[in-house]
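Let me begin by presenting the structure, written as structure tokens, before commenting on it.
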Amino acid sequence: MLFVIATPEILTAASSDLAAVGSAVMAANTAAAVPTTRLLAAAQDEVSAAIAALFGAHAQEYQAISAQAAAFHDQFVRALTASGGSYAMAEAANASPFQTVLDAVNAPTQALLGRPLIGNGADGSAPGQAGAPGGLLYGNGGNGAAGGPNQAGGAGGNAGLIGHGGAGGVGGAGAVGGNGGTGGLLFGNGGPAGTAGLASPVSTAATPGKGATVATPTCSATAARAGKVAPAPLASPAAIPPPRHRRARQRRRKSDYEYQ
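Its first residue numbered 491, the sequence shown is counted upward by one per residue in our numbering.
Structure follows, in structure tokens:
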């Protein structure tokens, strides 16, 4: 049972749908019984007798298969209906002890603080009623109810430590929607805000609920300003060597002096 998920209401609805299908198939078989079982008498020749025997055999096979299909359908519908009832009884038997223990745990906080320790808050039922808060440790906030004419929507219930905030109710005609409930302190998203009613002369003033926030590290120290860097000295231009013909003339003059 721990690894099986079943909804008894869906099984019951499926059984009803299958019963309706079986009734339609039975009506079709009844309508087809007359033309398939009442055949014209065969003529005196062998060909007519063979054709009549062939169609007669097909008609008998069709009627036999139809009876088997109807019996299988009836058994399947009964089994599905019984399974839905068994699941409903098992869920009721399992939920009773757990609900008793949960009520005993939530009784002190419900009496002192007006909210359970574990569990979801109830949704607003009356027009414009706010959703009930969720459990202090775990639970989602209830959804706010829709507002009546010129009445704001109910606010969503707040979550406790872990849970999501309830959704704000839709505002009535000419009124704003309800505010979304606040998410859990450790984990959870804020509930969405309710939309304004039709033909509302004011904007939607409702705000979505706040979710859990994670602290971000900050640093108060400021970085020191960088000092000014002195510009690099400009490079002096390199000496330009004299032309080649001038250097050759100087060498000839020097050789003349040495010869004298």
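Note that CB positions come from ideal geometry on N, CA and C, so glycine has one too.
Quick caveat: nothing in here was measured; it's all calculated off a predicted structure.
On the DSSP bridge assignment, give the partners of Phe677 in chain order.
One-based indexing of the sequence shown puts residue 677 at position 187. Answer is Ile652, bridged to Phe677.
Considering only the alpha carbon of each residue, which of Arg605, Ala649, Thr685 and Val666 lies closest to Thr672?
For the purposes of this step, residue 672 is taken as the residue at position 182 of the sequence shown. Answer by Cα proximity: Ala649.
Strictly by DSSP, which residues pair up with Tyr628?
Counting from one through the sequence shown, the residue named residue 628 turns up at place 138. Answer is Ile608 and Ile652.
Can Gly668 and Ala642 be called in contact, C-beta distance under 9 Å?
As a position in the sequence shown, residue 668 is number 178, starting the count at 1. As a position in the sequence shown, residue 642 is number 152, starting the count at 1. A contact, by the Cβ cut-off of 9 Å.
Beta-carbon gap between Ala518 and Gln553 smaller than 9 Å:
Looking up residue 518 in the sequence shown gives position 28. Looking up residue 553 in the sequence shown gives position 63. Not in contact: Ala518 and Gln553 (Cβ atoms no closer than 9 Å).
Taking Ala657 as the reference, which of Gly624, Thr599 and Pro639 has the closest Cα?
Residue numbering aside, residue 657 sits at position 167 when the sequence shown is read from its first letter. Checking every option, the nearest Cα to that of Ala657 belongs to Gly624.
Alpha carbon to alpha carbon, how far is Gln589 from Ala569? Give it in angstroms, no decimals.
By one-based count along the sequence shown, residue 569 stands at place 79. By one-based count along the sequence shown, residue 589 stands at place 99. Spanning the two alpha carbons is a distance of roughly 30 Å.
For Ala620, which residues of its own chain have a beta-carbon under 6 Å away from its beta-carbon, when the five flanking residues on both sides are left out?
Here residue 620 refers to the residue found at position 130 of the sequence shown. Answer for Ala620: Gly614, Gly634, Gly644 and Ala645, listed in chain order.
Quick one, which of Gln550, Pro617 and Leu602 has its alpha-carbon nearest Pro525's?
Position 35 of the sequence shown holds residue 525. With distances taken between Cα atoms, Pro525 lies closest to Gln550.
Verify whether the separation of the beta carbon atoms of Val515 and Ala559 is less than 9 Å.
Here residue 515 refers to the residue found at position 25 when the sequence shown is read from its first residue. Here residue 559 refers to the residue found at position 69 when the sequence shown is read from its first residue. Yes; because the gap between Cβ atoms is below 9 Å, this pair is in contact.
Ser615 - DSSP class collapsed to helix/strand/coil:
Reading the sequence shown from its first residue, position 125 is the one you call residue 615. Note: Ser615 maps to coil in three-state DSSP.
What is the DSSP secondary structure of Asn640, reduced to helix, strand or coil?
Walking along the sequence shown from the start, residue 640 turns up at place 150. Three-state DSSP puts Asn640 in coil, outside helix and strand.
Looking at Leu627 and Leu651, is the spacing between their C-beta atoms short of 9 Å?
Your numbering for residue 651 matches position 161 in the sequence shown. Your numbering for residue 627 matches position 137 in the sequence shown. Yes. Within cutoff.
Going straight from the alpha carbon of Tyr577 to that of Gln565, what length do you get?
If you number the sequence shown from 1, residue 577 lands on position 87. If you number the sequence shown from 1, residue 565 lands on position 75. Taking the CA atoms as reference points, Tyr577 sits about 18 Å from Gln565.
What distance in whole Å lies between the Cβ atoms of Gly611 and Gly637, which are believed to be in contact at a cut-off of 8 Å?
In the sequence shown, counting from the first residue as 1, residue 637 sits at position 147. In the sequence shown, counting from the first residue as 1, residue 611 sits at position 121. So it is not a contact: roughly 19 Å between Cβ atoms.
Nearest by alpha-carbon distance to Asn679: which of Ala583, Ala580, Gly661 and Gly629 is it?
Position 189 of the sequence shown, counted from the start, is the residue given in the question as residue 679. Of the listed residues, the one whose Cα sits closest to Asn679 is Gly629.
Should Ala503 be labelled buried (16 or more other beta-carbon atoms within 10 Å of its own) or exposed?
Translated into the one-based positions of the sequence shown, residue 503 becomes position 13. It is exposed - the Cβ of Ala503 has fewer than 16 other Cβ atoms within 10 Å.
Among Ile500, Arg605, Thr599 and Ala594, the one whose alpha carbon lies nearest that of Ala572:
For the purposes of this step, residue 572 is identified with residue 82 of the sequence shown, where counting begins at 1. The shortest Cα separation from Ala572 among Ile500, Arg605, Thr599 and Ala594 belongs to Ile500.
Which same chain residues, not among the five before or five after Ser710, have their C-beta less than 8 Å away from its C-beta?
Within the sequence shown, the letter at position 220 stands for residue 710. Only weak support is given to the placement of Ser710: the predicted model assigns it a pLDDT of 42, under 50, and the value that follows is read from those uncertain coordinates. So no residue of the chain qualifies.
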